[in-house]
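Chains as they are written, first to last, in our numbering: chain A, 310 to 544; chain B, 310 to 544. C-beta atoms are modelled at their ideal positions from N, C-alpha and C, and glycine is treated no differently.
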DNA sequence: CCACTTATGTAGCTGTCGCTACAGATGTAG
DNA sequence: CTACATCTGTAGCGACAGCTACATAAGTGG
């Protein structure tokens with residue numbers, strides 16, 4: 310597992326436990342950021358594959374097999390590239406996961422915007438859970454949620470993966486907490502309610518739905534779960 | 310990954326997708342069942358390690374690192390035995406996991422008995438969630454729940470692991486559904502309530518708590534989640 | 001044209017994975 | 001005692017994991 314550095318090398322193995330950061334220090338040019346903006350103008354041979362398309366494929370592999378279950382061979386196969394291209398663009402398997410997670414969260418945040426626009430806290434919860442019930446049983450992609458199925462517990466040498474996933478999950482919880490704080494200020498939620506607890510509760514239900522979906526639950530079953538879950542907002 | 314059978318051998322690699330079953334066909338004598346009953350009397354050299362103690366150690370390793378993240382070396386190290394002893398007793402890494410899961414479920418069912426004895430459905434839910442909030446943050450064992458952290462998505466060659474875990478999770482859901490059906494018959498739950506949906510909802514919250522715990526949530530935070538979650542039973 | 005920079009494909013490296021052959025140890029059955 | 005059956009430790013098997021050296025291709029800037 311030890312990165313087997315032969316001579317010496319820029320230590321991009323520096324155990325960056327700090328999770329909020331972007332991908333590691335630039336090695337090569339810059340760790341390809343899959344934000345889709347046309348690359349300004351660069352020197353050297355241009356990249357021949359579309360980073361975002363490749364990330365979508367990698368995301369699917371991680372999603373279906375988890376971080377440790379996804380092999381470089383399978384990833385490169387799905388991405389349509391060879392290992393050196395992967396390592397030049399993303400630095401490492403972990404770097405690739407981080408990039409895929411960023412892209413995953415980005416897509417997720419697009420949905421979140423309109424969900425958070427719902428007029429009441431209860432309606433935010435309802436829209437969110439129903440939306441996720443649909444997304445996590447969409448035959449278009451693997452069942453469940455990448456942020457849960459990616460790996461809650463990993464072997465030695467991949468200890469930060471679970472942290473990475475947890476950090477991305479926390480984003481949603483943060484957004485919900487902020488929204489519920491606002492809801493309380495607006496009188497939508499009772500004064501004695503606890504926005505943080507509500508957000509954490511929803512975060513748990515979201516994760517739970519992801520687990521059920523991974524286990525093969527149907528869309529209708531998850532929708533029922535959502536219906537029951539929002540009752541907690543009715544007092 | 311392919312089990313690399315050299316000559317020929319009893320095909321205990323038979324992809325036993327049927328999840329309800331016991332460990333594979335007997336190879337050697339019998340796949341050690343960790344039920345603790347004194348082994349009646351047997352021939353050959355007696356086993357020198359305590360199967361249940363060893364299973365407890367293996368359980369902890371799977372719990373902390375997941376199925377794929379747990380290596381044979383780490384497992385045998387924790388169990389205090391060498392690989393041949395492991396394989397003689399449990400057949401394979403997957404067989405060991407199954408045995409550990411059975412032991413996990415067994416312990417869990419002991420708790421469940423008194424929880425299901427609670428007088429009302431709501432109280433069942435409350436006791437259960439609070440109990441799990443405590444268990445999953447018990448510093449005695451890894452955070453979270455083995456049935457969730459063990460692996461929701463695995464690589465090729467370990468496809469049945471997630472099914473295995475899901476089957477064990479379903480046990481709890483089944484128990485809850487039965488209990489809630491009884492609750493409705495007793496008038497404790499409304500006639501128009503859906504015991505299956507309530508059980509599935511609770512199952513989701515349980516899994517969600519496991520995910521939060523894996524991510525480092527504190528006991529108090531999980532207890533708050535439990536408090537919010539049971540409100541869904543208040544109508 | 002020539003330097004320089006970066007991406008690509010082939011081939012292969014080292015470490016570790018799950019697992020096992022084998023010989024010796026330790027029990028029961030007769 | 002001799003057979004037989006099973007467990008245990010040492011040592012190591014083949015397969016594959018993540019990753020990279022190297023030569024070549026394909027761009028930029030002068």
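Just the chain B side, please: which residues come within less than 7 angstroms of residue i by C-beta, in chain order?
i	result
residue 457/A	461, 520
residue 487/A	Here the premise fails: no neighbours, minimum Cβ distance about 17 angstroms.
residue 373/A	462
residue 507/A	537
residue 530/A	509
residue 541/A	537, 538, 540, 541
Give me the Cα-Cα distance between residue i and residue j, rounded to the nearest whole angstrom.
i	j	result
residue 439/A	residue 532/A	6 angstroms
residue 427/A	residue 522/A	25 angstroms
residue 441/A	residue 512/A	12 angstroms
residue 488/A	residue 425/A	7 angstroms
residue 410/B	residue 388/B	16 angstroms
residue 435/A	residue 485/A	12 angstroms
residue 379/B	residue 377/A	11 angstroms
residue 364/A	residue 498/A	40 angstroms
residue 351/B	residue 399/A	57 angstroms
residue 516/A	residue 393/A	35 angstroms
residue 451/A	residue 514/B	22 angstroms
residue 402/A	residue 469/A	12 angstroms
residue 460/B	residue 454/A	13 angstroms
residue 543/B	residue 415/B	31 angstroms
residue 525/B	residue 443/B	13 angstroms
residue 510/B	residue 396/B	39 angstroms
residue 518/A	residue 535/B	16 angstroms
residue 500/B	residue 483/B	20 angstroms
residue 449/A	residue 361/A	17 angstroms
residue 390/A	residue 383/B	34 angstroms
residue 475/B	residue 369/A	21 angstroms
residue 539/B	residue 431/B	7 angstroms
residue 417/A	residue 481/A	9 angstroms
residue 337/B	residue 467/B	Note that residue 337/B scores 43 on pLDDT, short of 50, meaning its location in the model is unreliable; the coordinates nonetheless yield the value given after this. The alpha-carbon atoms of residue 337/B and residue 467/B are separated by roughly 23 angstroms.
residue 433/B	residue 355/B	44 angstroms
residue 496/A	residue 419/A	27 angstroms
residue 305/B	residue 366/A	Outside the displayed span of chain B (310 to 544) sits residue 305/B, for which this structure offers no information.
residue 353/A	residue 408/A	23 angstroms
Where does residue i land, buried or exposed, given buried means 16+ other C-beta within 10 angstroms?
i	result
residue 381/B	exposed
residue 471/B	buried
residue 530/B	buried
residue 386/B	exposed
residue 445/A	buried
residue 465/B	exposed
residue 504/A	buried
residue 422/A	exposed
residue 429/A	exposed
residue 473/B	buried
residue 527/A	exposed
residue 412/B	buried
residue 404/B	buried
residue 373/B	buried
residue 329/B	The pLDDT assigned to residue 329/B is 30, lower than 50, so where the model puts this residue is not dependable; a value taken from the coordinates is nonetheless given after this. Looking at its Cβ environment, which holds fewer than 16 other Cβ atoms inside 10 Å, residue 329/B is exposed.
Since I believe residue j is in contact with residue i (beta carbons under 8 angstroms), could you give me their beta-carbon distance rounded to a whole number of angstroms?
i	j	result
residue 375/A	residue 458/B	Residue 375/A to residue 458/B, Cβ: 11 angstroms. No contact.
residue 358/A	residue 406/A	About 18 angstroms; that fails the 8 angstroms criterion.
residue 478/A	residue 456/A	5 angstroms
residue 541/A	residue 520/B	At roughly 18 angstroms, the Cβ-Cβ gap does not stay under 8 angstroms, so residue 541/A and residue 520/B are not in contact.
residue 502/B	residue 493/B	6 angstroms
List the residues of chain B whose Cβ lies closer than 9 angstroms to the Cβ of residue i, in chain order.
i	result
residue 478/A	520, 521, 524
residue 386/A	By Cβ distance, chain B contributes nothing, its closest Cβ being about 12 angstroms from residue 386/A, past 9 angstroms.
residue 497/A	Under the 9 angstroms cutoff, chain B gives no residues; its nearest Cβ is about 16 angstroms from residue 497/A.
Mind listing the chain A neighbours of residue i? Cutoff is C-beta to C-beta under 7 angstroms, in chain order.
i	result
residue 510/B	534, 537, 538
residue 514/B	513, 514, 517
Could you tell me which chain A residues have their CB closer than 8 angstroms to the CB of residue i, listed as they occur along the chain?
i	result
residue 433/B	Chain A residues near residue 433/B: none, gap ~15 angstroms exceeds 8 angstroms.
residue 467/B	378
residue 382/B	Under the 8 angstroms cutoff, chain A gives no residues; its nearest Cβ is about 10 angstroms from residue 382/B.
residue 475/B	523, 524, 525
Identify the contact partners of residue i in chain B, using a Cβ-Cβ distance below 8 angstroms as the criterion.
i	result
residue 449/A	Chain B residues near residue 449/A: none, gap ~17 angstroms exceeds 8 angstroms.
residue 471/A	523, 524
Residues of chain A with CB closer than 9 angstroms to the CB of residue i, please, in chain order.
i	result
residue 443/B	Going along chain A, no residue has its Cβ under 9 angstroms from residue 443/B, so there is no contact; the nearest lies around 16 angstroms.
Under the criterion of a Cβ to heavy atom distance below 7 angstroms, does residue i qualify as lining the ligand PLP?
i	result
residue 512/B	Absence of the ligand PLP from the depicted structure is noted, as is the absence of any ligand whatsoever, leaving it without description.
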